[in-house]
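For the sequence shown, the UniProt record's numbering begins at 1 and goes up steadily by one.
Ideal Cβ placement from N, Cα and C applies to all residues, glycine included.
The structure appears below as structure tokens.
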Amino acid sequence: MASTANAISLSFSTTTATTAPPTLKPQNLSYLYLRSSKPTTSVSLRLNRAGATLAAATASRVRASAQVMDVASSAPTVVEVDLGDRSYPIYIGSGLLNQHELLQRHVHGKRVLVVTNKTVAPLYLDKTIDALTSGNPNVSVESVILPDGEKYKDMDTLMKVFDKAIESRLDRKSTFVALGGGVIGDMCGYAAASFLRGVNFIQIPTTVMAQVDSSVGGKTGINHRLGKNLIGAFYQPQCVLVDTDTLNTLPDRELASGVAEVIKYGLIRDAEFFEWQEKNMHKLLARDPNALAYAIKRSCENKAEVVSLDEKESGLRATLNLGHTFGHAIETGFGYGQWLHGEAVAAGTVMAVDMSYRLGWIDDSIVKRVQNILQLAKLPTAPPETMTVDMFKSIMAVDKKVADGLLRLILLKGPLGNCVFTGDYDRKALDDTLRSFCKS
Ligand SMILES: NC(=O)c1ccc[n+]([C@@H]2O[C@H](COP(=O)([O-])OP(=O)(O)OC[C@H]3O[C@@H](n4cnc5c(N)ncnc54)[C@H](O)[C@@H]3O)[C@@H](O)[C@H]2O)c1
Ligand SMILES: [Zn+2]
1 MASTANAISL SFSTTTATTA PPTLKPQNLS YLYLRSSKPT TSVSLRLNRA GATLAAATAS
61 RVRASAQVMD VASSAPTVVE VDLGDRSYPI YIGSGLLNQH ELLQRHVHGK RVLVVTNKTV
121 APLYLDKTID ALTSGNPNVS VESVILPDGE KYKDMDTLMK VFDKAIESRL DRKSTFVALG
181 GGVIGDMCGY AAASFLRGVN FIQIPTTVMA QVDSSVGGKT GINHRLGKNL IGAFYQPQCV
241 LVDTDTLNTL PDRELASGVA EVIKYGLIRD AEFFEWQEKN MHKLLARDPN ALAYAIKRSC
301 ENKAEVVSLD EKESGLRATL NLGHTFGHAI ETGFGYGQWL HGEAVAAGTV MAVDMSYRLG
361 WIDDSIVKRV QNILQLAKLP TAPPETMTVD MFKSIMAVDK KVADGLLRLI LLKGPLGNCV
421 FTGDYDRKAL DDTLRSFCKS
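Next up, the structure:
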């Protein structure tokens, strides 16, 4: 065992379940993984010292390897989310839905409810039911197929999940499984958090956005007609299972939208990952399975580290919102559904980076590299032309990150891979950025 742990600590990117003997439980795997992720200590030190205007420290600097693992091997990569007794593994790899034991070991009780939507069900529902039941005759699976779209992430649709659960007489020991993108994950997670005051929950994310971001970290919820994600709960799953093969059916635009969040991790805390993306963006867009698995793994590691240190978003976790304040203004001002979330975040990131440069906090090489990488990813680098300075200002004034009338923003500061979450900036820089990106 000692040699296994050593091997893992030498190369961050090859933590696989193959190293475990057949009887090893997931929590033991987690232990092995944690030994390899010790360097995160530096992040918590900066969090404690710097309070709200912390710099997102980069545990990435100590990561050993940027090499791409071989996903042809059937063993999943395991990234652990370290939250004490609520810790859980994220399994990443190709063909994981065919590895039935992986999913079954996290199913508690004998009843399962799969929550999915009309688009994803014909593609992956049978496979998921098979993964849950094959060789496991004691488990019975119900499913609920919801309409597809952000506009259905609401109370009425959530009620359909409860209807099905209650009609099927599911009990406290049941497990809810989210099969789909971020909309399904957020809704199913919230349903699991509140049904009978909390049942077990598994995430099977099927979009890049969900695989690198929304399925990790336990934020669940639905929209209210007056605002996005206003009703919800922090609720962690038993495991996240990322089968990268599911991305083969994802539309190109959805793929690129998820890549915007991947780029974000590089910018806020992982310069080495950003450099890897600059060299490998064409592979990601071509859905090279090795490149996708690597990008998902590295993104999940970054998110897992941030969430472990700041689960309830008292500071550090907010840095995951780089570009999102400008981006949300675009989503609201331009109309939901016009641009995908990642597209709005991409334009928002360019604006945050422009403002960081105006403040003198970063040099112009970073500005150019951000423009370049977003262009490589075929993402927007400016807001829609209909957005005005006043629209940005009025929408951003009601952002969740406004405290005591002060809009706090995530801005880059210092060398690539460092950011701050702060309200302490020259207002003129914000005005200048808005004026430079808007025609009126
Ligand atoms: N909880 C969090 O921390 C968090 C973080 C980021 C985003 N989110 C939420 O995630 C949502 C956005 O997620 P999203 O971008 O995944 O959108 P989505 O769930 O709407 O999925 C995008 C589209 O792809 C389809 N789809 C999903 N998987 C597919 C597949 N494998 N093949 C073909 N089509 C597929 C979906 O049916 C949908 O039409 C938003 O509601 C956002 O608020 C939550
Ligand atoms: Zn986002």
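Tell me which same chain residues have a C-beta within less than 6 Å of the C-beta of residue i, skipping the five on either side of it?
i           : result
MET391      : GLY333
VAL208      : LEU255 and GLY258
GLU331      : ALA344
ALA131      : LEU97, HIS100 and LEU103
SER299      : VAL212, VAL262 and TYR265
SER168      : GLU142
LEU434      : VAL389 and PHE392
ILE90       : VAL79, VAL240 and CYS300
THR319      : ALA56, ILE268, ILE410, CYS419 and PHE421
SER215      : GLY185, GLN203, PRO205 and VAL240
LYS127      : LEU97
PRO380      : GLU343, ALA346 and ALA347
VAL367      : VAL353 and TYR357
ILE129      : VAL141
LEU230      : HIS224
residue 443 : Residue 443 lies beyond the residue range present for the chain, which begins at 1 and ends at 440; the question has no answer from this structure.
GLN371      : THR381
For residue i, which residues in the same chain have their Cβ closer than 7 Å to its Cβ, ignoring the five residues on either side in sequence?
i      : result
MET281 : ILE373, LEU376 and ALA377
PHE437 : MET351, ALA382 and PRO383
ALA121 : ILE145
MET155 : ILE222
MET355 : LEU411, ALA429, LEU430 and THR433
LEU123 : THR249
What are the partner residues of residue i, as DSSP defines its beta bridges?
i      : result
VAL79  : ILE90
PHE282 : First, the residue type needs correcting, since residue 282 is His and not Phe in the sequence shown. HIS282 pairs with nothing; no bridge assigned.
LYS219 : PHE234
ARG111 : SER140
CYS239 : ILE202
THR175 : VAL112 and ASN200
LEU406 : ALA403
HIS224 : GLY227
CYS419 : LEU412
ASN117 : LEU146
GLY333 : Looking at the DSSP assignment, GLY333 forms no beta bridge with any residue, so it has no partner.
GLY185 : None; GLY185 has no bridge partner.
GLY180 : PRO205
By Cβ distance, which residues of its chain are closer than 8 Å to residue i, with the 5 residues on each side in sequence left out?
i      : result
LEU158 : MET187, TYR190, ALA191 and ILE222
LEU311 : This sequence places Glu at residue 311; Leu is not what is there. Counting only Cβ-Cβ distances below 8 Å, and skipping sequence neighbours, we find LEU83, GLY217, GLY218, PHE234 and ARG317.
LYS118 : ILE145, LEU146, PRO147 and ASP148
ASP171 : GLY109, ARG111 and LEU196
LYS160 : VAL144 and LEU146
VAL115 : SER143, VAL144, LEU146, VAL161, PHE176, VAL177, ALA178, LEU179, GLY180, ILE184, MET187, CYS188 and ALA191
Output the boundary residues of the beta strand (DSSP E) element that contains residue i.
i      : result
LEU412 : 409-412
SER143 : 140-146
PRO122 : No beta strand (DSSP E) holds PRO122; the alpha helix (DSSP H) holding it covers 121-133.
Measuring from the CB of residue i, is there a heavy atom of ligand 4 at a distance below 7 Å?
i      : result
ASP171 : Among the ligands modelled here, namely ligand 1 and ligand 2, ligand 4 does not occur.
Would you mind reading off the limits of the alpha helix (DSSP H) that contains residue i?
i           : result
VAL353      : 341-358
ASN321      : Careful: ASN321 lies outside any alpha helix (DSSP H) and carries neither H nor E.
PRO289      : 289-309
VAL262      : 252-269
ASN372      : 364-376
LYS151      : Per DSSP, LYS151 belongs to no alpha helix (DSSP H) and is neither H nor E.
SER394      : 389-396
ASP85       : Element bounds for ASP85: n/a, residue is neither H nor E.
residue 442 : What the structure shows of the chain is the stretch from 1 to 440, and residue 442 is not part of that stretch, so it cannot be assessed.
LYS428      : 427-437
GLU101      : 100-104
**Prompt:** Is there contact between the stretch 163-175 and the stretch 99-119, where contact requires at least three CB pairs shorter than 8 Å?
**Reply:** The stretch 163-175 is in contact with the stretch 99-119.
**Touch test, the stretch 209-222 against the stretch 186-197, Cβ-Cβ under 8 Å, three pairs minimum** = At 8 Å Cβ cutoff, the stretches touch.
**Message:** Using 8 Å as the cut-off, can you tell me whether the stretch 89-106 makes contact with the stretch 243-254, which would need three or more C-beta pairs spanning the two stretches below that distance?
**Reply:** Short answer: they touch.
**Request:** Say whether the stretch 383-397 touches the stretch 258-270, bearing in mind that this needs 3 or more beta-carbon pairs closer than 8 Å, one atom from each stretch.
**Result:** When Cβ pairs closer than 8 Å are counted between the two stretches, the stretch 383-397 is seen not to touch the stretch 258-270, the count staying below three.
**Asked** Is the stretch 356-364 touching the stretch 422-435, taking contact as three or more C-beta pairs under 8 Å?
**Response** Judged by Cβ distances under 8 Å, the stretch 356-364 makes contact with the stretch 422-435, as three or more pairs qualify.
**Asked** Quick one: any contact between the stretch 399-412 and the stretch 320-327, if contact means 3 or more CB pairs under 8 Å?
**Response** Two segments are said to touch when three or more pairs of C-beta atoms, one from each, lie closer than 8 Å; by this definition the stretch 399-412 touches the stretch 320-327.
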